[in-house]
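S.K.: In my numbering, the protein residues as written are -1 to 352.
Idealized CB from N, CA, C, for every residue including glycine.
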Amino acid sequence: MSKSLGLIGWRGMVGQVLVDRMKAEGDFKKFKSHFFSTSQAGESAPELADHKTLLDAYDKKALSDMDIIISCQGGDYTKEVYGALRESGWNGYWIDAASALRMDESSCLVLDPVNRSVIDKALNDGVKTFVGANCTVSLLLMGLSGLFNEGLVNWISTMSYQAISGSGARAVEEYAKQIKEVGVQINEKSAMEIINHNNFSMTEDVIGAKLMAGLIPWIDSEVEGGQTREEWKASVEASKILGHQIDIDGTCVRVGSLRSHAQALTLKLNKSVELSTIENLIGEAHQWVELVENSPEQTKAKLNPHYTSGTLNVAVGRVRMLKIGNENLLNIFTLGDQLLWGAAEPLRRMLSII
Ligand code: NAP
């Protein structure tokens, strides 16, 4: 008999991409699918649902009828519902995009092209909670798994360029508004006038800053030592995925690209390795990584969110030894669609693994 699958958060940025990928891969045929909502219970459910109207995402009885729950709703929802559901005796599989349960001892982080053995061990050990990692962390590990597999990575400093869709649907809607508002103010001005009057007014209720024609080097809340939570996640989550400690730190920046997160990396190698060997290790690690030649043409064409968005490609380029320091310091630029490998795809694949 098909297992009952509950989907929560399917209307959001990650959820819509997840549903599209599940449709494309025929995943819905494997389950009896139940669609929940925190805000629209009782309204019409999508055709894929096993029922006519949306179920209430806070109805613990309905949730506990599910064999598997996949939530792309967000951390607040997870915190409100997950613990109470487990305490009520529900022992199904919970798969989550939010960060709330990532560092929980009873959860396993999922990125199966990188940590399938960790996932298999967790399943064998009876783990029932599987969580997608932070989007930039997952993309970093997907891009560099060839170097991690060989034990070549000593530490990484990463400077991210993160797309607005990483902030959710409401932020994207506001960003579209900012684009329009700035467009009106820019209309018919010369280049010099635009630069001289670079003080546009725009709505910033959701994003909390002027992002259009700007950037925000702060993502998420503050943790200790002046670090942001987004920056803090890099080391702890990468270490949990890989099963050993890896030091990663840097500055996470929100930029005005719509989709796909990019990262400029300084990577300290554990030993001296030929550049051609490094390129081969990166490019041949798995089917989703694309090594981009370090040329102006290839860089402009492929190390660009317009190239990777909507694809499962993780592009890695600008690979060269740094000309500062004398210590095997590698320069790399990598990017990929944070809604796919950074969020929906590891969850979708976990569903199939279960
Ligand atoms: P989101 O776009 O804000 O959607 C979450 C929920 O918000 C929706 O399911 C919907 O729930 C509600 N919602 C409210 N206004 C909406 C609107 N105008 N359009 C669509 N939905 C709206 O969140 P998200 O970016 O998908 O992120 C979900 C979780 O995944 C978060 O924990 C996030 O940290 C994590 N994550 C996100 C990304 C990313 O790139 N966005 C990457 C990795 C992890 P109801 O239908 O119940 O109202």
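Might you give, ordered along the chain, the residues of its own chain that have their beta carbon closer than 6 Å to the beta carbon of G241, omitting 5 neighbours on each side?
M.R.: Cβ neighbours of G241 beyond the five flanking positions: V116.
S.K.: When DSSP labels each residue in this structure, what does D247 get in the three-state scheme?
M.R.: Here D247 sits in strand by DSSP.
S.K.: To which residues of the same chain is N89 closer than 7 Å at the C-beta, ignoring the five residues directly before and after it?
M.R.: Around N89: K126.
S.K.: Confirm, please, whether the CB-CB distance from C250 to E229 is below 7 Å.
M.R.: Yes, these two residues count as a Cβ contact at 7 Å.
S.K.: Considering only DSSP beta bridges, list what F128 is partnered with.
M.R.: Note: F128 sits in a beta bridge opposite I93 and C106.
S.K.: Could you tell me the alpha carbon to alpha carbon distance between R347 and I280, rounded to whole angstroms?
M.R.: Roughly 22 Å separates the two Cα atoms.
S.K.: Measuring only the C-alpha atoms, how far is I239 from V135?
M.R.: Whole-angstrom Cα-Cα distance: 9 Å.
S.K.: In the DSSP assignment, find the unbroken beta strand (DSSP E) run with K266 in it and report its ends.
M.R.: Note, K266: beta strand (DSSP E), H259 to L267.
S.K.: Among I67, I276 and A283, whose alpha-carbon lies nearest the alpha-carbon of K30?
M.R.: Considering only alpha carbons, the answer is I67.
S.K.: Spell out the partners DSSP gives M157 in its beta bridges.
M.R.: Looking at the DSSP assignment, M157 forms a beta bridge with A262.
S.K.: What whole-angstrom Cβ distance do N268 and G144 have, given they're in contact under 8 Å?
M.R.: Not confirmed; about 14 Å, so no contact.
S.K.: Is the stretch 328 to 339 touching the stretch 253 to 268 in the sense that three or more CB pairs, one from each, lie closer than 8 Å?
M.R.: Segments in contact, yes.
S.K.: CB of M11 to nearest heavy atom of the ligand NAP: below 6 Å?
M.R.: Answer for M11: yes, Cβ within range of the ligand NAP.
S.K.: Which whole-angstrom value is the C-beta distance of M210 and Y159, which I expect to be below 8 Å?
M.R.: The pair is not a contact, with the Cβ atoms about 15 Å apart (cut-off 8 Å).
S.K.: Is the distance from the Cβ of T306 to the Cβ of S258 below 7 Å?
M.R.: For T306 and S258, yes; Cβs fall inside 7 Å.
S.K.: What number of angstroms, rounded off, separates the C-alpha of Q380 from the C-alpha of G72?
M.R.: Since the first residue shown for the chain is -1 and the last is 352, residue 380 is missing from the structure and cannot be characterised.
S.K.: Mark P303 as exposed unless 16 or more other C-beta atoms lie within 10 angstroms of its C-beta, in which case mark it buried.
M.R.: P303 should be labelled buried.
S.K.: Please work out which residues of its chain come closer than 8 Å, Cβ to Cβ, to Y168, disregarding the five sequence neighbours upstream and downstream, and give them in chain order.
M.R.: Correcting the residue type first, residue 168 is Arg in the shown sequence and not Tyr. The answer, listed in chain order, is V204.
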